[in-house]
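Comments concern the structure below.
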C-alpha cells in the first residue's frame with residue numbers, strides 16, 4: 030500500500046445508463062436527496078435514505094448486493110458512497126445524479 034492509496038476513492042462513478050443497467054441486474058439503488066426532492070421525482074425502484082441518515086441506517090442496506098447512490102447532481106451521493114465504501118459496501122455513484130438520469134432519457138416516477 031503506497032502513501033497515496035489512502036486518498037483513492039473506494040467506489041466507482043458511473044453514467045446513469047450504466048447505473049440503470051446495474052440496477053436491472055439486481056443492484057440496490059438509494060436516492061440520498063431530501064424528502065421533498067425525492068417526492069418530486071425519482072428513479073423507479075430507488076429507496077430513499079437522505080445522505081445525512083446513511084451512517085445511521087446501514088442495517089437497512091443489504092451488504093450482499095451492489096449499491097448505487099444517486100442525488101440531484103452527484104455531489105451528495107459522493108459523500109454517501111464514501112460512507113458506504115468505508116463500511117465495506119461495493120458502491121457505484123451516479124455521475125450527474127438525477128439531472129444525468131433525466132438527460133439520458135431514463136424513466137422518473139413520483
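Numbering (this note's numbering), first residue to last: 30 to 139. All C-beta atoms in this analysis are idealised placements derived from N, C-alpha and C, irrespective of residue type, glycine included.
In this structure residue 75 touches residue 60 by the C-beta definition: roughly 4 Å separates them, less than 8 Å. DSSP places residue 41 inside the beta strand (DSSP E), whose first and last residues are 41–43. Under the 8 Å Cβ criterion, the segment 77–94 does not count as touching the segment 36–50, having fewer than three qualifying pairs. Of the candidates 108, 113 and 72, the residue whose Cα lies closest to the Cα of residue 132 is 72. For residue 112, the enclosing alpha helix (DSSP H) stretches over residues 104–115.
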